[in-house]
Structures are given as structure tokens and as C-alpha cells.
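In full-length UniProt numbering, the protein residues as written are 1 to 250.
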């Protein structure tokens, strides 16, 4: 199956190579198409991507002036090829665990009506750059949180949902996921570990005031949509927010 993975990049020279390697090691699990959208990086991010492209023609690089992650994600959606059957995402500082696609893509092969899988994520603060696994001294927690990389979408579901809401500075991923579940897709919640979310000083989500405001706005917009359209589904029993809220990195 053709799986397109969209990766926005902005000044992630130190991390993007590892993120791409974590995808490339899974090429046998799917017909992999990696769409990298460089959002106006001013460091060596694009050079790091290009250095891998000769040996990995499944990587496609597109550059744009800096416009923010939401517009970069939409740029990635516009680059989907007609033959793409499945769509996923990986941020340029995160890691896709070995075996992640083999496990979840097979669910789509076995069930042609499946539209979405939504798996677990592990938050970590140290990654071994050779093995692409958390180090033995890494702090970590595994949850079914709110993260695009935990999902694999069927192409028909992506077309049904539409693009990312460019009114969001952050939480565009939360809004996209809420809209995905609201339309009542056929979905599964596997116990697959879908990503290692790398915690580091440059994480955008450490801007806690912006993050909280945008997250609450995404939830409010979901409530408004569901009040206006009773056919939309409530989102219950999917995200483990309390478990995540009760735990903090040092």
C-alpha cells in the first residue's frame, strides 16, 4: 500500500536526519512516500534532508517561505499523489519506532473498510542516535495522547476531513484529530507504539500559555460543531489526557 508521511521541518538540522532514518528503516512495510516540507529553515536542515535523498528516492523535498507548521502541513497534503492510499505524519524531531508501520498498515490490508488507526505514543527525553531507541536513563511515559503521528488515515478520510485550519498557531493537530473522530470513521485503537515524542528545550509545545489557549480553542470549536450538527460524534474514551496531565518531566 502507498503510505505518504508528511514531515514539516523548521530549523531541525540536529534532529531531522534521525527522524528520516526512523522512517526509512520501515520501507519494507509499505510503499513509502516521505513528503518533507521545509518551512523556510535558516540552518542546515535542507542540506541534511538532501544528503539522504540520493540513496532514498522516496524522500521528496519541497521548500517554502516560513509560514508556520499549519500551512506546512497543508502544503504536504497538496503534494499527495493520486496513488496514495494511506496518510500519516511525523514531526522532524520525533522518531517512528521500528515495526510501527508493519503492525498498523497490515490492519488496513486486512480490513478495506478501515479508515483510521490511532495508536500509542511514548514521551522521552533521551534518544540514542544510533539505535533510535530511548536510552536506558531516559524519562518516559506511554499514553494514547493527542498527536498526529499516532494516526494513520485512509486517503478517503483525509479527503473527507479537508485540510488543517490555518487559523490555529498551535493545536492545529488537535483540531484535525477532533474533526477526524467527529465524522464517525471506522477506526481501531491498536496498542502499537506509534512514535517516540522527543522532549527537548526547543519543543514548540513548551510555550505553555499558547499551547493551553490553542488547545482549549480547538476543544471549543469541536463543541460548537457538534451542537450545530447532531450527526457529528462525541469524542470519548480515546485520549488519555488525565494520565498525561498527572505526569511531568523533571
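Backbone N, C-alpha and C define an ideal beta-carbon position, used for all residues, glycine too.
In this text, all values refer to a predicted model and were calculated from it rather than measured experimentally.
- The three-state reading of DSSP puts residue 31 in strand, counting E and B together.
- Residue 90 and residue 221 have their alpha carbons spaced roughly 25 Å apart.
- Inter-residue distance for residue 225 and residue 156 is about 21 Å (C-alpha atoms, whole angstroms).
- By the CB criterion at 8 Å, residue 15 and residue 92 fall inside the cutoff.
- Taking 8 Å as the cut-off, the Cβ atoms of residue 168 and residue 208 do not count as close.
- If you check the CB distance, residue 95 and residue 127 come in under 8 Å.
- Looking at the DSSP output, residue 118 sits in a beta bridge with 151.
- The three-state reading of DSSP puts residue 36 in strand, counting E and B together.
- 8 Å or more divides the Cβ of residue 135 from the Cβ of residue 122.
- Around the C-beta of residue 111, fewer than 16 other C-beta atoms lie within 10 Å, and the residue is accordingly described as exposed.
- Cβ contact annotation for residue 101 (same chain, cutoff 6 Å, sequence separation greater than five): 26, 29 and 30, in chain order.
- Out of 118, 166 and 65, the CA that lies nearest to the CA of residue 185 is found in 118.
- Rounded to the nearest angstrom, the gap between the Cα atoms of residue 57 and residue 51 is 11 Å.
- As a beta-bridge residue in DSSP terms, residue 5 pairs with 34 and 88.
- Of the other Cβ atoms in all chains shown, fewer than 16 fall within 10 Å of the Cβ of residue 191; this residue is therefore exposed.
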